[in-house]
Amino acid sequence: MGYREVYEGWKADPEGFWMEAAQAIDWVEAPKQALFDRGDHMYEWFAEAKVNTCWNAVDRHVEQGRGEQTAIIYDSPITHTKREISYVELRNRVANLAGALRAKGVEKGDRVIIYMPMIPEALEAMLACARLGAIHSVVFGGFASNELAVRIDDAKPKAIIAASCGMEPGRVVHYKPLLDGAIEMAEHKPDFCVIFQREQEVAELKEGRDVNWHGFQFGVKPAECVPVEGNHPAYILYTSGTTGQPKGVVRPTAGHLVALNWTMKNIYNVDPGEVFWAASDVGWVVGHSYICYGPLIAGNTTIVFEGKPVGTPDAGTFWRVIEEHDVKSFFTAPTAFRAVKREDPKGEFVKKYDLSGLRAIYLAGERADPDTIEWTQKMTGKPVYDHWWQTETGYTIAGNPVGIEPLPVKLGSPTVAMPGYDVQILDEGGNQMAPGELGAIAVKLPLPPGTLPTLWNAEDRFKKSYLTTFPGYYETGDAGMIDEDGYLYIMARTDDVINVAGHRLSTGGMEEVLASHPDVAECAVIGISDELKGQLPVGFLCLSSGVDRPHDEIAKECVKLVRDRIGPVAAFKLAVVVDRLPKTRSGKILRGTMVSIADGKEFKMPATIDDPAILDEIRDALQTIGYPKG
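According to full-length UniProt numbering, the residues represented by the sequence shown are 1 to 630, in order.
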């Protein structure tokens, strides 16, 4: 069957489709019913089944005779460390850690915050929680104390598992003082903290509260897998909300298992035993779905990479990892390839490595501009697939179902909706729009298994954030269009569609044009307030390394390019060269913050910002073109 037949088959019988997919999971009590309608547009999947995530991700592979297969490859160019952990070794380590947590009182339903860098122990901590039916909440290692405190007060963890430090190129990030500061600030206090001491920094333990990772596991009885209900939360993952208050996305256990297992073959086209690599971090949803759970549930080998696309040691590090570990399917964010392209525009490093084992590259996390895709295709000779999803969904909304049938790639489109998602483009009144028209992207309810059923302790906020704007639909917060062939185009966050003299324009469309300029490595376009036209676009340009032409000249060429390709309607007259763009640690550009600076408005420092000093550079650049006014 091709994609169309599979998608139409899902549409004709959604519950039958997912019940069939559920057969690939080991159940303690198999589901008798797929979908549960809880009323008021709230749904749950496989709610009454019984299952354990850790069993499906680890133990069953050992039971099936594949215990000697490598489960995790740890590759850390920052610490010059490499090691492999087999499925049987992983099972023993996780069972021991879970036993130690249980001996200190952690049980099913308790919350545990995990605050760790990209080391195998982070995955072991997640899996140990899953083994006990405890609900983990991973907070990005090195997150500021006040932000960690907010999450401690919301999740109310019985325990926190942390590492002594994280490693960045050229510096050690001291986790323990940040953790101590957060616990001091938080009203809720954990019963105990488990500290994994890294050799790069041994932290001081607080007596009576902190225990050593190795010491507290000594002599404990390993824990077995605890069965949980299908609707039991597997984890809470905080995503930054528009109000500045983080939103705790809840991931339900059974739907998560069924959906992620389905994606590994159907989307990423990998078979059990093959190596899958997602170059992300366990602090983000990609790290949950495709470093930890997805590959392990499907019996793949997953890579835990502690490094950067450039500088650890050079722009060839991705290609080295792919060759050395025989990666079949590689997933990263477009920003990573923009960094590689900026350092190595001619692809000299790519030529040094044998990528013949690699079948495809997948991009997600932000819009993949055509220029980055074309560069990556040209340099690697591999198919490059953009796909689109969100923290809330946990896996692909729209993508290229390569394991079913590779569809033709259209640059700028993450391809088509996956089974489970009825994606529609709506106007402000909630009416469906014609093909090619820009509108709000919404998904007809119910959402498929594994997507968020609610927010942690915030059902009203869940409904207000996602369900009230378009009754009967999930509001994605993204804007875009669907073409005549059913291909979806994500043009911007809804907030990034700007209104210039009554014309609704996508900043993403302008960025696409700017990125095509030969000297531009990366760019961002924002809309700033204008008395006459409502909003005006401004382009920020980062240049490729080695470009030494006058910046004014490049900016003028870029303005002309947009006017030639989009037309005078864009009113694009302002472009400025900057060294770098303000981003979150996952590589998303903080356009909203840039708009606030340009408009002279107060703003809250984004919790996830990679380097706050960049905002001063943006402020200086804006002043050169006369903003904020007055």
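Ideal Cβ placement from N, Cα and C applies to all residues, glycine included.
Less than 8 Å between the beta carbons of residue i and residue j, yes or no?
{"i": "ASN261", "j": "GLY403", "result": "no"}
{"i": "ALA159", "j": "VAL194", "result": "yes"}
{"i": "residue 634", "j": "VAL139", "result": "As shown, the chain starts at 1 and ends at 630. That puts residue 634 outside it, with no answer to give."}
{"i": "THR372", "j": "PHE331", "result": "no"}
{"i": "VAL51", "j": "TRP18", "result": "no"}
{"i": "VAL150", "j": "PRO233", "result": "no"}
{"i": "LEU536", "j": "ALA571", "result": "yes"}
{"i": "TYR413", "j": "LEU488", "result": "The displayed chain sequence assigns Ser, not Tyr, to residue 413. Contact flag set, yes."}
{"i": "THR584", "j": "ASP616", "result": "no"}
{"i": "SER506", "j": "GLY365", "result": "no"}
{"i": "SER145", "j": "GLN197", "result": "no"}
{"i": "ALA95", "j": "ARG60", "result": "no"}
{"i": "SER137", "j": "TYR290", "result": "no"}
{"i": "VAL525", "j": "GLU511", "result": "yes"}
{"i": "PHE276", "j": "THR302", "result": "yes"}
{"i": "LEU101", "j": "CYS54", "result": "no"}
{"i": "HIS41", "j": "GLY472", "result": "yes"}
{"i": "THR415", "j": "GLY399", "result": "yes"}
{"i": "GLY109", "j": "VAL88", "result": "no"}
{"i": "VAL562", "j": "ILE625", "result": "no"}
{"i": "VAL340", "j": "PRO309", "result": "yes"}
Give me whichever residues DSSP pairs with residue i in a beta bridge.
{"i": "PHE192", "result": "ALA159"}
{"i": "LEU488", "result": "THR415 and ILE482"}
{"i": "CYS165", "result": "HIS174"}
{"i": "SER506", "result": "VAL497"}
{"i": "ASN212", "result": "ILE195"}
{"i": "GLY399", "result": "VAL416"}
{"i": "GLN424", "result": "ALA442"}
{"i": "GLY39", "result": "MET42"}
{"i": "HIS136", "result": "VAL112 and TYR235"}
{"i": "PRO252", "result": "PRO233"}
Any idea what DSSP makes of residue i, helix, strand or coil?
{"i": "SER529", "result": "strand"}
{"i": "TRP45", "result": "strand"}
{"i": "GLU201", "result": "strand"}
{"i": "TYR7", "result": "helix"}
{"i": "PRO177", "result": "helix"}
{"i": "TRP456", "result": "coil"}
{"i": "ALA130", "result": "helix"}
{"i": "ILE625", "result": "coil"}
{"i": "GLN535", "result": "strand"}
{"i": "SER551", "result": "It should be noted that the sequence gives His, not Ser, for residue 551. DSSP places HIS551 in helix when its eight states are reduced to three."}
{"i": "ILE291", "result": "helix"}
{"i": "PRO233", "result": "strand"}
{"i": "TYR473", "result": "strand"}
{"i": "PHE318", "result": "helix"}
{"i": "LYS573", "result": "coil"}
{"i": "ARG563", "result": "helix"}
{"i": "CYS542", "result": "strand"}
{"i": "PRO370", "result": "helix"}
{"i": "ALA279", "result": "coil"}
{"i": "TYR87", "result": "helix"}
{"i": "THR468", "result": "coil"}
{"i": "GLU124", "result": "helix"}
Can residue i be considered in contact with the ligand HEM, in the sense that its beta carbon sits closer than 7 Å to one or more heavy atoms?
{"i": "GLU84", "result": "No copy of the ligand HEM occurs in the structure displayed, which carries no ligand at all."}
In or out: residue i buried (at least 16 other Cβ within 10 Å) or exposed?
{"i": "PHE46", "result": "buried"}
{"i": "ASN499", "result": "exposed"}
{"i": "SER356", "result": "exposed"}
{"i": "residue 633", "result": "The structure shown has nothing for residue 633, since the chain only spans 1 to 630."}
{"i": "GLU387", "result": "Checking the sequence shown, residue 387 turns out to be His, not Glu. The residue is buried, with at least 16 neighbouring Cβ atoms inside 10 Å."}
{"i": "ALA501", "result": "exposed"}
{"i": "LYS189", "result": "exposed"}
{"i": "GLY546", "result": "exposed"}
{"i": "LEU532", "result": "exposed"}
{"i": "VAL321", "result": "buried"}
{"i": "HIS517", "result": "buried"}
{"i": "ASN431", "result": "exposed"}
{"i": "PHE218", "result": "exposed"}
{"i": "GLU124", "result": "buried"}
{"i": "MET491", "result": "buried"}
{"i": "THR391", "result": "buried"}
{"i": "ASP75", "result": "buried"}
Touch check for the stretch 475 to 493 and the stretch 445 to 455: three-plus C-beta pairs under 8 Å?
-> No, because fewer than three Cβ pairs between the stretch 475 to 493 and the stretch 445 to 455 fall closer than 8 Å, the two stretches do not touch.
Report yes or no: do the stretch 344 to 363 and the stretch 251 to 261 share at least 3 C-beta pairs separated by less than 8 Å?
-> No, the stretch 344 to 363 is not in contact with the stretch 251 to 261.
Report yes or no: do three or more beta-carbon pairs, one from the stretch 550 to 559 and one from the stretch 585 to 601, lie closer than 8 Å?
-> Below 8 Å, too few C-beta pairs join the stretch 550 to 559 and the stretch 585 to 601 to call them touching: fewer than three.
Do the stretch 81 to 99 and the stretch 222 to 230 meet, that is, are 3 or more Cβ pairs less than 8 Å apart?
-> Yes: the two stretches touch, three or more of their Cβ pairs being nearer than 8 Å.
Do the stretch 418 to 433 and the stretch 457 to 467 make contact, defined as three or more Cβ pairs closer than 8 Å?
-> As far as the Cβ criterion goes, the stretch 418 to 433 does not touch the stretch 457 to 467, which means the pair count is below three.
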